[in-house]
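In what follows, a structure is listed as structure tokens, so that the remarks can point back to it.
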Amino acid sequence: MAQRKRRLVSNELSEAALQLLALKGFDAVTIDEIAATAGVSKRTFFRYFASKEDVVVQFLADMGAGMRAALASRPLGEQPSVALRHTVRDPMAACADHSERALRVVQLILRTAALRARFLEHQDRWRDDLAAELAQRLGLDPDTDLYPQLAAGMALTAFDAVLRRWSGSDGADDPAELTDRAFAAIAPALDAVGPSNP
Numbered sequence: 001m002a003q004r005k006r007r008l009v010s011n012e013l014s015e016a017a018l019q020l021l022a023l024k025g026f027d028a029v030t031i032d033e034i035a036a037t038a039g040v041s042k043r044t045f046f047r048y049f050a051s052k053e054d055v056v057v058q059f060l061a062d063m064g065a066g067m068r069a070a071l072a073s074r075p076l077g078e079q080p081s082v083a084l085r086h087t088v089r090d091p092m093a094a095c096a097d098h099s100e101r102a103l104r105v106v107q108l109i110l111r112t113a114a115l116r117a118r119f120l121e122h123q124d125r126w127r128d129d130l131a132a133e134l135a136q137r138l139g140l141d142p143d144t145d146l147y148p149q150l151a152a153g154m155a156l157t158a159f160d161a162v163l164r165r166w167s168g169s170d171g172a173d174d175p176a177e178l179t180d181r182a183f184a185a186i187a188p189a190l191d192a193v194g195p196s197n198p
């Protein structure tokens, strides 16, 4: 019950922030305004988010948090390109499922320098998580083998490219199809530099 309430308040804050930011722009909106619009105190805001940037980036941050689990659930014998494509495809499908809200968030993040910087910080953590999972799956040492970081970096570059194309099309392009195209382009590199092909 407490978790459900926490999620509801978090969603209210995110929605309030998005409405205000769409009207006034990122720099003109204050944390006080976001809290007031959501019907909570500023103190409550800070129980959920550390900054104005975080309240917006949270939507995509949640998507990234599940990537390592998605990769871990893939069959062990799968080619790295296939496993990573499915790992990225799931959060992109989530964007399509929440297309209007997700589109607003993605466009705001990509067009606002402070939000883009915060989003890239999240991606750094995702890359480390994916690299650790790849190393474990493939029996590699993440401290000495370059492959896990390189492969995770390529997968997240593809994710970023798909987000940009999807948001640039105002949601008209299919994220799943874009993801498949992106991974078709990088699959030879992912699979050629893997540990089975030194």
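Using our numbering, the first residue of the sequence shown is number 1, and each one after it goes up by one.
Glycine residues also receive a C-beta, built at the ideal position from the N, C-alpha and C atoms.
All values derive from a computational prediction rather than experimental measurement.
Query, Result
"For A192 and M56, the rounded distance between their alpha carbons", "For the sequence presented, residue 56 should be read as Val rather than Met. Between V56 and A192, the C-alpha separation is close to 38 Å."
"Straight-line gap, Q107 to L140 (C-alpha atoms, nearest Å)", "37 Å"
"Same chain only: Cβ atoms within 7 Å of A72, ignoring 5 sequence neighbours per side", "E133"
"E78 (DSSP reduced to helix, strand or coil)", "coil"
"Rounded separation between A36 and R43 - CA only", "11 Å"
"Close beta carbons around N197, own chain, < 6 Å, minus the five adjacent residues each side", "Its pLDDT being 43, under 50, N197 is placed unreliably in this model, and the value from its coordinates should be taken loosely. The answer is none, since no qualifying residue turns up."
"For R7, the nearest candidate out of R47, E78 and F119 (CA to CA)", "R47"
"Whole-angstrom distance between V105 and D174, CA atom to CA atom", "17 Å"
"Sub-8 Å separation of A182 and A161 beta-carbons", "yes"
"Buried/exposed call for R127, threshold 16 Cβ in 10 Å", "buried"
"Classification of L206 by the beta-carbon crowding that lies within 10 angstroms, buried from 16 upward", "The chain is shown only over 1 to 198; residue 206 falls outside these bounds and no answer can be derived."
"Contact check, L76 vs L190, beta carbons under 8 Å", "no"
"Sequence-distant residues of its chain with Cβ nearer than 7 Å to P195 (five each side left out)", "For P195, the predicted model reports a pLDDT of 47, less than 50, meaning its position is unreliable and no value from the coordinates is stated."
"8 Å contact criterion, which E53 and R118 should meet: CB distance rounded", "4 Å"
"Beta-carbon gap between Q45 and A114 smaller than 8 Å", "Correcting the residue identity first, residue 45 is Phe in this sequence and not Gln. Not closer than 8 Å, so no."
"Nearest-angstrom beta carbon gap, L103 and D170 [assumed within contact, 8 Å]", "7 Å"
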